[in-house]
Structure formats: structure tokens, C-alpha cells
Amino acid sequence: MQRKYSLAALCAVVLVVATAAMAPKQRNSFQAHMRIRSAQSGMMNTVEADVFYNLDGRMVSFYTLPQEYTIISNRQGAIQIYNPEAHTVMQQNSLAFSTENSQLYFFLQNRAYDLGLGAMGFTNRNTTYEEGLMVSEWLPPVEMAEQLSQVKMVHEGPNPIYVEYQQPDGSVLKKIYFYKYHAVGNQQFPQAMTQIDYFSDSDSLLTKTEFTDFKLDADVDRDRLNFTVPADAQLITPEEK
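Residue numbers (our numbering): 94 to 334.
Here it is in C-alpha cells:
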């Protein structure tokens, strides 16, 4: 049975996209195929898309699984979800949907050193070196203190390989592993990420994201990168989908 996805769920996928330091020669555009597999309570889901990103923060994702739709988002938080079969579009504006909150942005815009924690108000409490790895601890801003006690980040050279979010009671809320770094131009990009979200001692969500078929600049499909929703698409609300 084909699973339906809510606006919130689709937007969450944008933020997961989840994820090549842009230096010293900047790349203006990026393209890759993305596959996300998730498992929870015995249920398996697979999402596939071709993802296009421009240096100005515009991201276009063409999804083929579990259903065909296109998501367009930007750094201002404007998001459009276009269903080509129904010829409908949903729109919303919120900084929560900004591409600057996505892991893809952090790697492409040279934010791999802290994965955006500094911009979100986190402060670096301590940094140590263990067996050639850099381990840093970050304290959350006051408004997040009830949900998080700290974030632990591990780097191997310039590349983050592990992030752990801890709750005030000492339990782990989330773990993220970055691996299979691949040279894309003069950049290093993680071809695979595994995220574990813990909801209780017996309930967790495992998500693995893989990127393949990287292309840069002149090799990027410009028509798909510059795709816009047809002007005659019917505007609908999340309740109408």
C-alpha cells in the first residue's frame, strides 16, 4: 500500500537531506541521487530523490519513491511541494524549513566544523583530542536547555564522523554517524549517514541516507536545478491533500 505523507513529514525530509567544504574554490551548483531507508517497529520505508542545490541556498528535490513529487525550498524558509500527477502545490513559509538548517547546507557552505551549532546559539564548552580524533562538547542555548544538556561531536581531520545529542537526564536523544567520505571536486562529502532517534528504551527510529552520482557546476542538469512550479498548478492546503 502506498503511504501518504503529510506536509510536516515531507518538510522533515528536506531537513534530513539531509547533507564538501566549499573552499578554496567555490562550487556554484551540486547534484546527487539520494536514497533514504528508515526502520521503526518492524516497518521499513524507502525514499529516493534527485537533489539539486545552488550556492544561493535554493534546493530542488525530485522524489520518485514512495510517490512522485517535487520539493523546492530556499534559505528564507519558503517551501513548495508540487504533485505533478494531481497538478497541485502546497506552500508554506517558516525559518524551520530554511535550507540553512539542513545538513546538506552545512557541508556545502563550509559549516562542517560545527554543523551549524554555533549559528543556533550553542557554545563550545570543551575540546579534547583522543587517539587522533577531535572531540568537542557543546552547550545548548537557554531555550533548549529543557530538551538538551549537551551535544558531543567527533571530527576526524576536518570531517565530522559522529554527533550525539544528550538529554538533561543523561540519556541519548539522537546519534548521527557520517562516513564513506568521497572527493567531490576538491571537497570531501559524506556518501552515507546513519541517524538513530531514541524515543524510549524500546522504541527508536533508524534512518540511513546515501548519496551517489555526484555532479558539479557544468555537469549539473540546469533545467531541473531551475525548475519552477507551473503557474496553473492548483494551490491547496495540507488538509486538502
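Glycine included, C-beta positions come from ideal geometry on N, C-alpha and C.
Keep in mind the model is a prediction, meaning the values are calculated, not measured.
Residue closest to Ser122, alpha-carbon to alpha-carbon, out of Gly135, Gly150 and Val140: Cα-wise, what sits closest to Ser122 is Gly150.
Check each candidate in Met137, Pro331 and Arg168 and name the one with the smallest Cα separation from Pro159. Cα-wise, what sits closest to Pro159 is Met137.
Please report the residue range of the alpha helix (DSSP H) in which Leu201 lies. For Leu201, the enclosing alpha helix (DSSP H) stretches over residues Gln196 to Leu201.
Could you pull the start and end residues of the alpha helix (DSSP H) that Leu318 belongs to? Per DSSP, the unbroken alpha helix (DSSP H) holding Leu318 starts and ends at Arg315 to Leu318.
Less than 6 Å between C-beta atoms, sequence neighbours within five positions excluded: which residues of the same chain meet that for Phe320? If you ignore the 5 residues before and after Phe320, its C-beta comes within less than 6 Å of the C-beta of Val153, all in its own chain and listed in chain order.
Nearest-angstrom Cα separation, counted from Ser297 out to Gly135: The alpha-carbon atoms of Gly135 and Ser297 are separated by roughly 11 Å.
Please classify Met115: is it buried, with 16 or more other beta-carbons within 10 angstroms of its beta-carbon, or exposed? Any reading at Met115 needs caution, since the residue's pLDDT is 35, under 50, leaving its predicted position unreliable; the model's value is listed next. Result: buried.
Quick one: what's got a C-beta closer than 6 Å to Ala285's C-beta in the same chain, skipping five residues either side? Scanning its chain for C-beta atoms nearer than 6 Å, with the 5 sequence neighbours on each side dropped, one finds around Ala285 the residues Tyr272, Lys273 and Glu303, in chain order.
Mind reading off the beta-carbon distance from Ile269 to Val277? Whole number of angstroms is fine, and I expect it under 8 Å. At roughly 20 Å, the Cβ-Cβ gap does not stay under 8 Å, so Ile269 and Val277 are not in contact.
Cβ-based burial, Asn167 [other Cβ within 10 Å; buried from 16]: Burial call: buried.
Of all the options Ile289, Leu266, Asn203 and Gly225, which has the alpha carbon lying nearest to the alpha carbon of Glu249? Taking each of Ile289, Leu266, Asn203 and Gly225 in turn and checking the Cα distance to Glu249, the smallest one comes out for Gly225.
Could you name the residues that DSSP lists as bridge partners for Ile269? Bridge pairing for Ile269: Val256 and Gln288 [DSSP].
First through last residue of the beta strand (DSSP E) which encompasses Ile329: Here Ile329 belongs to no beta strand (DSSP E), and DSSP marks it neither H nor E.
Residue closest to Gly214, alpha-carbon to alpha-carbon, out of Thr221, Glu230, Pro234 and Phe199: Checked all of Thr221, Glu230, Pro234 and Phe199; the closest Cα to Gly214 is Pro234.
What does a CB cutoff of less than 6 Å around Tyr198 pick up in its chain, not counting 5 residues either side in sequence? Counting only Cβ-Cβ distances below 6 Å, and skipping sequence neighbours, we find Thr192.
Of the residues Ala326, Val313, Val322 and Thr330, which one's Cα is nearest the Cα of Gln124? Distance from the Cα of Gln124 is smallest, within the candidate group Ala326, Val313, Val322 and Thr330, for Val313.
Own chain, CB closer than 7 Å to Lys97, minus 5 neighbours either side, in chain order: Because the pLDDT at Lys97 is just 45, under 50, the model does not fix this residue reliably, and the point stays unresolved.
Suppose you measure from the CA of Asp290 to the CA of Glu223; what does that come to, to the nearest Å? Spanning the two alpha carbons is a distance of roughly 26 Å.
Measure how close the beta-carbons of Thr216 and Leu241 come, nearest whole angstrom, since I'm counting them as under 8 Å. Rounded to the nearest angstrom, the Cβ distance from Thr216 to Leu241 is 12 Å, too far for a contact under 8 Å.
Counting only the same chain and skipping the five closest in sequence on each side, list residues whose C-beta sits under 8 Å from that of Phe307. Same-chain partners within the cutoff: Phe123, Gln124, Ala125, His275, Val277 and Phe282.
Classify Thr139 as buried or exposed, calling it buried when 16 or more other Cβ atoms lie within 10 Å of its own Cβ. Result: exposed.
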